Every structure is written in C-alpha cells, then in structure tokens.
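For the sequence shown, my numbering assigns the number 6 to the initial residue and increments by one for each residue that follows.
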Amino acid sequence: MKISTKGHYALRMLLDLAEHQEDGYIPLKDVAERQGISKNYLEQIMILLKNTDVLKTTRGFQGGYKLAKRPSAYTVGDIIRLTEGSVSPVACVDDADECERSDFCLTLDVWRGLEQVITEYLDSITLQDIMDKGRSASAKEHGF
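Below, the structure is given as structure tokens:
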C-alpha cells in the first residue's frame, strides 16, 4: 500500500489546522503557505472532505476552515480512509466476495492480516498524538 500525495497532504493540512485551532477559522491560503502546498491542490482535498464531519467552514472576510472536533478525535486512519478510500494492501481484501479465487486463495489471509495491522496502527495515532510528539521533539532540540 502506498499513500498518495492527496492522503499525505490531507494529513498535513488537518494537522496544520489542529496546530492553529486557537486562531479560529483559517484561510486555505495560510495553510498552503505554511505547508508549502499549492492552494489549488488543497482545494481538491477540501472537495473530498466537504461532505464529512471533519471540518467547519465559513465564508466571507473572516472565512476559512477549522476542525469540527478536538485533534484527539481524528485518527490518521480516518483521514487516510477519507482521502484514499481504503488501506487494503490488495484489492481482493476489499472485494473478496467478487474474487473467484477467494474460497481457495492461499494468500488472502496474509493480505487480511496485513490490512489489520495497518488499520490498527493508523487508528492508534491521533492528530493530538502527532502534535504532542512534535512538541516533545522540539523541546528536546531546544534544551527544554
């Protein structure tokens, strides 16, 4: 399984919003500048997220985006599934009923096991965990 740029950037974008949650609604151009990602690309990611409960948005002069919940409520797994659709290492794990070999496939359990490990790992990490780890590393780097 390889996470696409869209999944990678969605995680960075939501993490940026989490880090700046005290600032209220954040214009997408600010996120784009801080993250070094084009605003147009972030807008494409927003299309994927707009019909979910992930973000709150407002228009106008003070318009922008903010997280709908606390950073501890978002897992990396949730974000990746929203942008990638699946974390399955092979298509037949998602569509085993459609595969004519699933009843006798010797490798299907291997792929299901890998999907389980990936899912458990990604679902065990929240945006808050990433921020906390980053602060801890920064504090050590600066001698705190």
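Backbone N, C-alpha and C define an ideal beta-carbon position, used for all residues, glycine too.
As the structure is a computational prediction, the values presented were derived from the model and not from experiment.
First and last residue of the beta strand (DSSP E) that includes Y14?
Careful: Y14 lies outside any beta strand (DSSP E), inside the alpha helix (DSSP H) at 10-24.
Would S107 pass as a contact of D99 if the rule is Cβ separation under 8 angstroms?
In this structure, D99 does not lie closer than 8 angstroms to S107 by Cβ.
Could you round the C-beta distance between I8 and E120 to whole angstroms and report it? I think they count as a contact, below 8 angstroms.
In fact, because the Cβ distance is near 14 angstroms, the residues do not count as touching under 8 angstroms.
Along the chain, where does the alpha helix (DSSP H) containing T124 start, and where does it finish?
Residues 113-128.
What residues in its chain sit with their C-beta under 8 angstroms from that of Y14, if we drop five residues either side in the sequence?
Counting only Cβ-Cβ distances below 8 angstroms, and skipping sequence neighbours, we find Q40, I42, Y46, L47, I50.
State the Cα-Cα distance for the pair I85 and T112, rounded to the nearest angstrom.
Roughly 25 angstroms between the two C-alpha positions.
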